[in-house]
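Heads up, the thing below is written out as C-alpha cells.
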Ligand SMILES: N[C@@H](CCC(=O)N[C@@H](CS)C(=O)NCC(=O)O)C(=O)O
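In our numbering, the protein residues as written are 4 to 209.
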C-alpha cells in the first residue's frame, strides 16, 4: 500500500487529487512543515530534498509531485494518464507548463499572501506580488483560450494534468483575482471543484 507524506499546499494536493481520483488505497501522513519535520533525519533518509509530497512504496520512495502523479496513474493503468503518445504528451505539456510557468506564479502569490504570515516570515512583498499577478493574468489567458476549445487539458477527458493544474489554480482565492476575464477556466474549475475526489482530498485537512 502507498503512503503519501504531505502538507496542505498545492504540491501535496496534486498527488492527493490523483490518488483519490484513482480510488487507490493509501495512507496519508501529515508532515508539519512549520515545525521543520521535513528536515528531520528520519524523513531525509526517505528523500534527499526534505520536501513533500513524497510517495512511499513497499521498498522505495518517489519525490516530485509530477513523478508521483504519473507513477500512480501508470501503475493503476488508468486512462487518467493516456496511453496514446500524443494525448500523453499533451498531459505532460500542461503539467510542465504549470510547474514552470503559471503554477509557479500562482504559488508565489500563495507563498507571499498566506505562507509568509503563517510561518512568521513577515509581510508579502508588493513588488513580487505585482510581478507574479501580471504573469498569472497573461498566462491564464493562454489557458482560457485552450479550455474554450477543449473540455479538459489533454482533450476530451479528464487526465492527471487537470488535477495537477487544479491544485495550482485554486490558489487564485489568495489574491485579488476575478474570473470575469477567464470564463472557460471558470467552467472547467467548477466541474473539478465538484468532484468527489477533490472533496475527499480536502477532507484530510478539515
Ligand atoms: N518540485 C517539487 C516541489 C516540492 C516543494 O517545494 N514542496 C514544499 C511544500 S509545497 C516543501 O516541502 N517545502 C518545505 C521545504 O522546502 O523545506 C514538487 O513538485 O513536488
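Think of the CB as a built atom: it goes at the ideal place given N, C-alpha and C, for glycine as much as any other residue.
Minimum Cβ-Cβ distance from residue i to chain C less than 8 Å
i, result
"residue 159", "No chain C is present in this structure, which holds just one protein chain."
Residue burial classification, residue i (beta-carbon count within 10 angstroms, cutoff 16)
i, result
"residue 163", "buried"
"residue 62", "exposed"
"residue 131", "exposed"
"residue 172", "buried"
"residue 206", "exposed"
"residue 37", "exposed"
"residue 128", "exposed"
"residue 143", "buried"
"residue 42", "exposed"
"residue 14", "buried"
"residue 148", "exposed"
"residue 52", "exposed"
"residue 85", "buried"
Near ligand 1: residue i beta-carbon under 7 Å from a heavy atom
i, result
"residue 48", "no"
"residue 14", "yes"
"residue 56", "yes"
"residue 40", "no"
"residue 106", "no"
"residue 10", "yes"
"residue 3", "Here the chain comprises residues numbered 4 to 209, so residue 3 is not present and cannot be evaluated."
"residue 26", "no"
"residue 67", "yes"
"residue 123", "no"
"residue 53", "yes"
Residues sharing a beta bridge with residue i, DSSP
i, result
"residue 43", "Note: residue 43 sits in no beta bridge, so no partner."
"residue 35", "None, per the DSSP bridge assignment."
"residue 59", "6 and 64"
"residue 29", "5"
Would you call the segment 68-77 and the segment 136-152 touching, i.e. three or more CB-CB distances under 8 Å?
no
Threshold first: 4 residues or longer. Then list the alpha helix (DSSP H) segments lying entirely within the segment 134-191, N to C.
163-172
Would the segment 82-97 and the segment 184-191 be scored as touching if the rule is three or more Cβ pairs under 8 Å?
no
Quick one: which unbroken alpha helix (DSSP H) runs of 4-plus residues sit fully inside the segment 75-140? Chain order, please.
88-100 and 106-113
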